[in-house]
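Participant: Sharing a structure below in structure tokens format, with a few things to ask.
Number of protein chains: 2
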Amino acid sequence: MFNREVYQNRRRILLEKMADKAQEGKRGIAIFTGNVEAPQNYRGNDYKFRQESSFLYYWGIDEPGFAAILDLDNGEEAIYGNDVDIDDIIWMGPQPSVQSKAEKAGVHRSAPAADFDNEVRKAVSQGRPVHFLPTSRYYNTMKVSSLLGIPAEDVRKVAPVSCGKASEELVRAIISMRLIKEPCEISEIDKACEIGYLMHTAARQGCKPGTPEQEIVGRMEGVTISRGWGVSFTTILSQHGETLHNHSHNMTITPGNLLLVDAGAESNTHYASDFTRTYPCSGRFTQRQRDIYDIVENCNELAFKLCRPGTTYRDIHIAVAKNMLEGLKSLDIVRGDVDSMAAEGIAGLFMPHGLGHNMGIDVHDMEDLGENLVGYDDDQKRSSQLGLGSLRMARRLHPGHVITDEPGIYFIPALIAKWKEDGTDKGFVNYQKLEAYNDFGGIRLEDDILITEDGARHLGPHRLPIKADDVENAMAGE
Amino acid sequence: MFNREVYQNRRRILLEKMADKAQEGKRGIAIFTGNVEAPQNYRGNDYKFRQESSFLYYWGIDEPGFAAILDLDNGEEAIYGNDVDIDDIIWMGPQPSVQSKAEKAGVHRSAPAADFDNEVRKAVSQGRPVHFLPTSRYYNTMKVSSLLGIPAEDVRKVAPVSCGKASEELVRAIISMRLIKEPCEISEIDKACEIGYLMHTAARQGCKPGTPEQEIVGRMEGVTISRGWGVSFTTILSQHGETLHNHSHNMTITPGNLLLVDAGAESNTHYASDFTRTYPCSGRFTQRQRDIYDIVENCNELAFKLCRPGTTYRDIHIAVAKNMLEGLKSLDIVRGDVDSMAAEGIAGLFMPHGLGHNMGIDVHDMEDLGENLVGYDDDQKRSSQLGLGSLRMARRLHPGHVITDEPGIYFIPALIAKWKEDGTDKGFVNYQKLEAYNDFGGIRLEDDILITEDGARHLGPHRLPIKADDVENAMAGE
Chain C
0 MFNREVYQNR RRILLEKMAD KAQEGKRGIA IFTGNVEAPQ NYRGNDYKFR
50 QESSFLYYWG IDEPGFAAIL DLDNGEEAIY GNDVDIDDII WMGPQPSVQS
100 KAEKAGVHRS APAADFDNEV RKAVSQGRPV HFLPTSRYYN TMKVSSLLGI
150 PAEDVRKVAP VSCGKASEEL VRAIISMRLI KEPCEISEID KACEIGYLMH
200 TAARQGCKPG TPEQEIVGRM EGVTISRGWG VSFTTILSQH GETLHNHSHN
250 MTITPGNLLL VDAGAESNTH YASDFTRTYP CSGRFTQRQR DIYDIVENCN
300 ELAFKLCRPG TTYRDIHIAV AKNMLEGLKS LDIVRGDVDS MAAEGIAGLF
350 MPHGLGHNMG IDVHDMEDLG ENLVGYDDDQ KRSSQLGLGS LRMARRLHPG
400 HVITDEPGIY FIPALIAKWK EDGTDKGFVN YQKLEAYNDF GGIRLEDDIL
450 ITEDGARHLG PHRLPIKADD VENAMAGE
Chain V
0 MFNREVYQNR RRILLEKMAD KAQEGKRGIA IFTGNVEAPQ NYRGNDYKFR
50 QESSFLYYWG IDEPGFAAIL DLDNGEEAIY GNDVDIDDII WMGPQPSVQS
100 KAEKAGVHRS APAADFDNEV RKAVSQGRPV HFLPTSRYYN TMKVSSLLGI
150 PAEDVRKVAP VSCGKASEEL VRAIISMRLI KEPCEISEID KACEIGYLMH
200 TAARQGCKPG TPEQEIVGRM EGVTISRGWG VSFTTILSQH GETLHNHSHN
250 MTITPGNLLL VDAGAESNTH YASDFTRTYP CSGRFTQRQR DIYDIVENCN
300 ELAFKLCRPG TTYRDIHIAV AKNMLEGLKS LDIVRGDVDS MAAEGIAGLF
350 MPHGLGHNMG IDVHDMEDLG ENLVGYDDDQ KRSSQLGLGS LRMARRLHPG
400 HVITDEPGIY FIPALIAKWK EDGTDKGFVN YQKLEAYNDF GGIRLEDDIL
450 ITEDGARHLG PHRLPIKADD VENAMAGE
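Protein chains in written order, with numbering that gives the first Met the number 0: chain C, 0 to 477; chain V, 0 to 477.
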């Protein structure tokens with residue numbers, strides 16, 4: 000938890016952003032439903048508790064069963080939760096009071112959890128607008144649906160508050176704040192990146208022929224739990240890197256394969272890191288692997304160099320896609336004019352995902368608030384092309400943005416076959432050459448980047464080796 | 000996943016158990032809702048998937064988004080789920096068809112997920128009884144509530160099927176089966192226990208002055224992920240062992256303290272282990288620590304010796320509680336006639352929990368089906384005493400039962416103060432002596448036990464050192 004001033008300041012700014020003059024006296028309340036425990040196999044055996052991210056951002060309390068209200072008309076704020084009884088003390092130990100927890104977040108009023116429900120129902124009955132965020136957890140969806148008397152599906156839709164859905168006004172205000180990271184947040188992301196560096200180092204060291212993939216995953220995740228909250232998302236570690244989110248780890252490291260490792264850590268304060276590296280299982284790349292690897296590495300470097308305030312990340316995605324096509328053209332996998340094939344979205348066959356995403360308290364920061372509101376400026380439209388259409392962060396860059404830079408090239412047999420059958424490639428693809436890569440797998444290389452006043456910097460005190468020679472040298476010494 | 004015959008056999012037996020002659024032709028259907036992904040911080044960033052345990056037991060498929068129906072009138076069975084499209088292949092890789100997944104569980108009919116909803120609604124509209132299990136996850140609660148048109152809170156209440164709540168008939172039939180472990184299950188529990196042995200060995204080796212608790216937890220959990228699905232419940236590792244479920248790990252190992260470690264692993268097939276050991280942080284127990292430790296160790300041993308078919312675990316809990324009071328009397332912490340103080344429930348002050356619980360696919364096996372139905376025979380009544388009242392497994396023991404044996408002694412200052420104030424101890428407690436233990440902490444020692452034809456055996460190929468001398472010797476050599 001940060002100092003109370005951090006949270007007080009955030010709520011003050013939020014209040015200002017929500018202070019629509021035209022609505023003076025009838026702005027209503029903003030409610031924040033913290034998470035409760037989430038059952039793993041049965042109630043009582045819960046997953047590791049994860050607080051709702053915006054609740055954490057504004058109210059700081061990292062425990063289940065809390066809620067908060069910010070009155071947009073008079074600025075009053077309160078935290079709701081229950082104090083413990085003797086049974087709780089036996090099972091969970093003595094606990095500070097709810098009031099003292101509230102004080103740590105700079106909130107001077109606290110009340111029992113049931114009062115939250117009463118306050119919300121009162122506001123509804125008085126016809127005051129109730130601003131709430133779209134809920135990710137089913138429990139909170141049910142709770143908000145019941146308190147406000149609206150259908151569950153509306154709790155997850157974002158629209159102006161007058162529509163009785165999740166409040167677009169509140170969502171926009173929060174996005175505008177959480178997108179620009181404060182110095183105390185950047186310091187936490189640096190920590191998460193250092194844990195990520197250590198977990199990826201464990202992965203590289205474990206990448207030896209004969210080692211079960213699952214064993215490496217355990218070593219990596221052990222590092223994150225020893226030093227942080229845990230993984231920021233389910234670890235991807237696969238010799239089938241062509242499957243973008245491959246979560247099975249049942250193979251053994253086999254010489255000749257590539258091992259793609261996409262993993263990150265969450266710090267104890269819940270800030271994320273997210274890195275990808277791709278390793279030659281034999282310790283050295285074949286020439287064919289290195290040809291593709293170098294293209295991806297070059298794209299990663301290009302994106303980083305282009306990052307600076309004022310440029311849009313959409314334009315950087317497009318520049319990277321062109322660069323990738325140039326590289327593939329030099330290998331005779333695609334043929335023709337690169338600008339034309341870029342315009343036709345041919346890069347999507349090789350990189351069917353976006354160049355990167357926002358990162359912060361969530362590894363895909365604020366994804367629950369709506370991908371387009373988070374990742375696109377008002378004057379930007381989302382593409383429908385494969386690849387560019389999956390771009391989660393397209394915005395004009397500002398200092399304080401934290402984003403990932405993660406180009407990749409994948410040879411996905413089913414997708415190649417479908418494009419060939421459908422003629423989607425418009426004649427740009429040399430299938431004779433391409434189909435020889437059907438057994439190749441995939442390569443992705445990902446760093447975490449902070450946009451600074453005059454450019455960008457890699458987050459974390461150490462950068463994982465990325466140049467093909469450096470990777471081979473690191474593996475040779477391990 | 001086991002061989003298809005295992006699942007076919009289980010469903011055949013379930014069908015027989017549900018074949019009430021009096022209801023012939025109007026028995027209805029039994030529905031099984033598998034789990035979907037559970038959002039961690041936002042939808043799309045999910046916790047590690049955990050299948051619903053009874054779905055796993057009868058239908059075997061360990062993936063999100065499946066459901067199944069067993070027709071109790073004609074024995075027809077079907078699995079419902081969706082095949083993948085090209086988008087899924089890009090992100091998740093090529094997948095076997097739903098039909099082939101169903102065949103692996105010996106089910107010959109499969110259909111798209113939406114057909115499940117239609118089939119259930121059809122049965123409801125025809126007035127056929129729909130047997131379902133109480134749901135743990137909110138998503139399934141909402142789904143069943145909506146399909147059956149019943150209030151969400153009724154989805155979690157167990158009553159005869161005619162009451163429109165979770166089916167007591169189905170719950171009882173399933174409990175009777177899952178309580179008695181099959182040889183293939185025992186073999187999996189043995190594997191989970193071996194992972195548990197390795198994770199606890201890592202904990203003992205890490206218990207050195209100056210080491211952060213969190214670092215040890217990471218090492219332990221890394222072991223479980225390298226070899227199994229992960230932890231079977233959130234690891235308890237604490238120098239405040241007097242708090243029964245202490246999940247904070249922010250202290251550093253400090254000489255003179257006791258470190259209580261209660262942790263277990265879940266095998267890749269989702270069977271649990273659950274062990275507790277308590278270590279002297281300096282490597283050797285003080286005399287005061289050893290006095291209490293030996294009482295607990297002796298209780299653990301006594302319970303194991305008493306375990307055999309025909310005895311009730313309730314009686315073993317009571318015998319252990321008496322033995323504990325004898326030990327505490329020898330230390331002059333309690334005074335008077337042991338039988339009388341046992342009858343008054345004085346042991347609950349020191350051990351406010353039960354001696355053990357059932358263990359299987361869930362670490363507290365089937366807790367979601369109802370603690371009393373799972374843990375108590377029809378002729379047994381749950382006590383209201385502190386300690387005995389928390390006993391989760393009281394039943395008459397049968398071969399194939401898998402239970403934990405986990406006595407503990409805790410000195411909980413708030414509870415001691417409350418008993419003193421309320422006079423709950425009926426004069427049996429020597430507070431002058433007892434209050435000197437307010438800084439002691441707690442000790443718990445837990446093994447996993449299989450009831451055999453003529454007694455019991457410890458589960459897992461290796462047993463963790465438990466005698467005080469053996470623990471000290473193991474620590475000295477590390």
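Heads up, the beta-carbon is just placed ideally off N, CA and C, and yes, glycines get one too.
Check distances from the C-beta atoms of the stretch 25 to 43 of chain V to those of chain C and list, in chain order, the residues that come in under 8 angstroms.
Facilitator: Within the stretch 25 to 43 of chain V, the residues whose Cβ lies closer than 8 angstroms to some Cβ of chain C are A37, P38, Q39, N40, Y41, R42 and G43, listed in chain order.
Participant: Please check if any C-beta of chain V sits within less than 9 angstroms of the C-beta of K417 (chain C).
Facilitator: Numbered from 1 along the first sequence, position 418 holds the residue referred to as residue 417 (chain C). Chain V contact via Cβ: present.
Participant: Using a Cβ distance threshold of 8 angstroms, determine whether the stretch 286 to 304 of chain C contacts the stretch 259 to 266 of chain C, with at least three qualifying pairs required.
Facilitator: The stretch 286 to 304 of chain C, when compared against the stretch 259 to 266 of chain C, does not touch it at the 8 angstroms Cβ threshold.
Participant: By how many angstroms is the C-alpha of P93 (chain C) removed from the C-alpha of N437 (chain V)?
Facilitator: Sequence index remark: in the second sequence, residue 437 (chain V) carries index 438 (1-based). Sequence index remark: in the first sequence, residue 93 (chain C) carries index 94 (1-based). Approximately 14 angstroms, taken between the alpha carbons.
Participant: What would DSSP say about V106 (chain V), mapped onto helix, strand or coil?
Facilitator: As a working note, residue 106 (chain V) is residue 107 in the second sequence. V106 (chain V): coil per DSSP, three-state reduction.
Participant: What does a CB cutoff of less than 7 angstroms around L324 (chain V) pick up in its chain, not counting 5 residues either side in sequence?
Facilitator: To locate residue 324 (chain V), count along the second sequence from 1; it is residue 325. Same-chain partners within the cutoff: V333, V337, M340, A341, I345 and A346.
Participant: Q125 (chain V) to G64 (chain C), Cα distance in whole Å?
Facilitator: Position 126 of the second sequence, counting from 1, holds the residue named residue 125 (chain V). Position 65 of the first sequence, counting from 1, holds the residue named residue 64 (chain C). Looking at the two C-alpha atoms, the distance is approximately 41 angstroms.
Participant: Using three-state DSSP, classify H130 (chain C) as helix, strand or coil.
Facilitator: For the purposes of this step, residue 130 (chain C) is taken as residue 131 along the first sequence, with counting starting at 1. Here H130 (chain C) sits in strand by DSSP.
Participant: In the structure shown, what three-state DSSP assignment does D114 (chain C) receive?
Facilitator: Translated into positions along the first sequence, residue 114 (chain C) becomes position 115. Three-state DSSP puts D114 (chain C) in a helix.
Participant: Output, in chain order, the set of chain V residues within a Cβ distance shorter than 9 angstroms of T423 (chain C).
Facilitator: Residue numbering aside, residue 423 (chain C) sits at position 424 when the first sequence is read from its first letter. Here the premise fails: no neighbours, minimum Cβ distance about 11 angstroms.
Participant: Express the C-alpha separation of I194 (chain V) and G217 (chain V) in angstroms, rounding to a whole number.
Facilitator: Taking the first residue of the second sequence as position 1, residue 217 (chain V) is located at position 218. Taking the first residue of the second sequence as position 1, residue 194 (chain V) is located at position 195. Straight-line Cα distance between these residues: approximately 15 angstroms.
Participant: Using the rule of at least 16 other Cβ atoms within 10 Å of the residue's Cβ for burial, across every protein chain shown, is C162 (chain V) buried or exposed?
Facilitator: What you label residue 162 (chain V) is simply residue 163 of the second sequence in a count that begins at 1. It is exposed - the Cβ of C162 (chain V) has fewer than 16 other Cβ atoms within 10 Å.
Participant: Using the three-state DSSP reduction, which class does A271 (chain V) fall into: helix, strand or coil?
Facilitator: Stepping through the second sequence from its first residue, residue 271 (chain V) is reached at position 272. If DSSP states are grouped into helix, strand and coil, A271 (chain V) belongs with the strands.
Participant: In chain C, what lies closer than 8 angstroms to D361 (chain V) by C-beta?
Facilitator: The count along the second sequence starts at 1 and reaches residue 361 (chain V) at position 362. Going along chain C in sequence order, the residues near D361 (chain V) (Cβ under 8 angstroms) are N40, Y41 and N44.
Participant: How long is the line joining the alpha carbons of K515 (chain C) and V401 (chain C), rounded to whole angstroms?
Facilitator: A question about residue 515 (chain C) goes unanswered here, because the residues of chain C that appear run from 0 up to 477.
Participant: Taking C-beta pairs closer than 9 angstroms, name the residues in chain V that S225 (chain C) reaches, listed in chain order.
Facilitator: Counted from its first residue, the first sequence places residue 225 (chain C) at position 226. Going along chain V in sequence order, the residues near S225 (chain C) (Cβ under 9 angstroms) are P211, Q213, E214, I215, V216, G217, R218, E220 and G221.
Participant: What are the boundary residues of the beta strand (DSSP E) that includes R456 (chain V)?
Facilitator: Mapped onto the second sequence, residue 456 (chain V) falls at position 457. Its beta strand (DSSP E) spans residues A455 to H457.
Participant: Do M0 (chain C) and I85 (chain C) count as a contact pair if the criterion is CB distance below 9 angstroms?
Facilitator: Mapped onto the first sequence, residue 85 (chain C) falls at position 86. Mapped onto the first sequence, residue 0 (chain C) falls at position 1. Cβ distance not < 9 angstroms, so I85 (chain C) and M0 (chain C) don't count as in contact.
Participant: What number of angstroms, rounded off, separates the C-alpha of K121 (chain C) from the C-alpha of H246 (chain C)?
Facilitator: As a working note, residue 121 (chain C) is residue 122 in the first sequence. As a working note, residue 246 (chain C) is residue 247 in the first sequence. If you take the alpha carbons of K121 (chain C) and H246 (chain C), they lie about 46 angstroms apart.
Participant: Check for me: the beta strand (DSSP E) holding D261 (chain C) runs from which residue to which?
Facilitator: Taking the first residue of the first sequence as position 1, residue 261 (chain C) is located at position 262. From DSSP, the beta strand (DSSP E) with D261 (chain C) extends over L257 to A262.
Participant: In or out: E168 (chain V) buried (at least 16 other Cβ within 10 Å) or exposed?
Facilitator: Counted from its first residue, the second sequence places residue 168 (chain V) at position 169. Answer is buried; the Cβ neighbour count reaches 16.
Participant: Does DSSP put A158 (chain C) in a helix, in a strand, or in coil?
Facilitator: Start at 1 with the first residue of the first sequence, and residue 158 (chain C) comes out as number 159. A158 (chain C): strand per DSSP, three-state reduction.
Participant: Below 8 angstroms on the Cβ atoms is my guess for E445 (chain V) versus F232 (chain V); work out the distance and round it to an integer in Å.
Facilitator: As a working mapping, residue 445 (chain V) is identified with position 446 in the second sequence. As a working mapping, residue 232 (chain V) is identified with position 233 in the second sequence. Not a contact, Cβ separation roughly 12 angstroms.
Participant: Does any residue of chain C bring its CB to less than 9 angstroms from the CB of G92 (chain V)?
Facilitator: Stepping through the second sequence from its first residue, residue 92 (chain V) is reached at position 93. Chain C contact via Cβ: present.
Participant: Please list the terminal residues of the continuous alpha helix (DSSP H) segment that includes Y137 (chain C).
Facilitator: Taking the first residue of the first sequence as 1, we reach residue 137 (chain C) at position 138. Y137 to L147 is the extent of the alpha helix (DSSP H) around Y137 (chain C).
Participant: Does A151 (chain C) have its Cβ less than 9 angstroms from a Cβ in chain V?
Facilitator: Here residue 151 (chain C) refers to the residue found at position 152 of the first sequence. By this cut-off, A151 (chain C) is an interface position.
Participant: Look up H412 (chain C) in the DSSP assignment and say whether it is helix, strand or coil.
Facilitator: One-based indexing of the first sequence puts residue 412 (chain C) at position 413. The question names His, but residue 412 (chain C) in the sequence shown is Pro. Helix at P412 (chain C).
Participant: Give me the Cα-Cα distance between V362 (chain C) and L390 (chain V), rounded to the nearest whole angstrom.
Facilitator: The residue labelled residue 362 (chain C) in the question sits at position 363 within the first sequence. The residue labelled residue 390 (chain V) in the question sits at position 391 within the second sequence. Whole-angstrom Cα-Cα distance: 42 angstroms.
Participant: Beta-carbon within less than 7 angstroms of V129 (chain V)'s beta-carbon, same chain only, minus the 5 sequence neighbours each way: which residues are those?
Facilitator: By 1-based counting over the second sequence, the position of residue 129 (chain V) is 130. Contacts found: G27, I28, I30, V119, A122, V123 and L147.
Participant: So, under 8 angstroms CB-CB, V157 (chain V) and L372 (chain V) are touching, yes? Tell me the CB distance rounded to an integer number of Å.
Facilitator: On the second sequence, residue 157 (chain V) is found 158 positions in, with the first residue counted as 1. On the second sequence, residue 372 (chain V) is found 373 positions in, with the first residue counted as 1. Contact flag correct, Cβ pair sits at about 7 angstroms.
Participant: Using a cut-off of 9 angstroms between C-beta atoms, extract the partners of M141 (chain V) located in chain C.
Facilitator: Start at 1 with the first residue of the second sequence, and residue 141 (chain V) comes out as number 142. Result: Y137, T140, M141 and A151.
Participant: Within the 9 angstroms Cβ cut-off, does A191 (chain C) reach chain V?
Facilitator: What you label residue 191 (chain C) is simply residue 192 of the first sequence in a count that begins at 1. Chain V, which has no Cβ nearer than 9 angstroms to the Cβ of A191 (chain C), makes this no.
Participant: Which whole-angstrom value describes the C-beta separation of I215 (chain V) and L236 (chain V), a residue pair presumed to lie in contact below a C-beta threshold of 8 angstroms?
Facilitator: Walking along the second sequence from the start, residue 215 (chain V) turns up at place 216. Walking along the second sequence from the start, residue 236 (chain V) turns up at place 237. 6 angstroms between Cβ atoms; contact.
Participant: Just list the alpha helix (DSSP H) runs in the stretch 166 to 224 of chain V, keeping only unbroken ones of 4 residues or longer that don't cross its boundaries, in chain order.
Facilitator: DSSP runs (the alpha helix (DSSP H)) wholly in the stretch 166 to 224 of chain V: 167 to 177 and 182 to 205.
Participant: Here's the rule: buried if 16 or more other CB atoms are within 10 angstroms of the residue's CB, otherwise exposed. What is H397 (chain V)?
Facilitator: For this step, residue 397 (chain V) is matched to residue 398 along the second sequence. Label assigned to H397 (chain V): exposed.
Participant: Name the chain C residues whose beta carbon is nearer than 8 angstroms to that of E366 (chain V)?
Facilitator: Along the second sequence, one-based indexing puts residue 366 (chain V) at 367. The answer, in chain order, is Y41, R42, G43 and N44.
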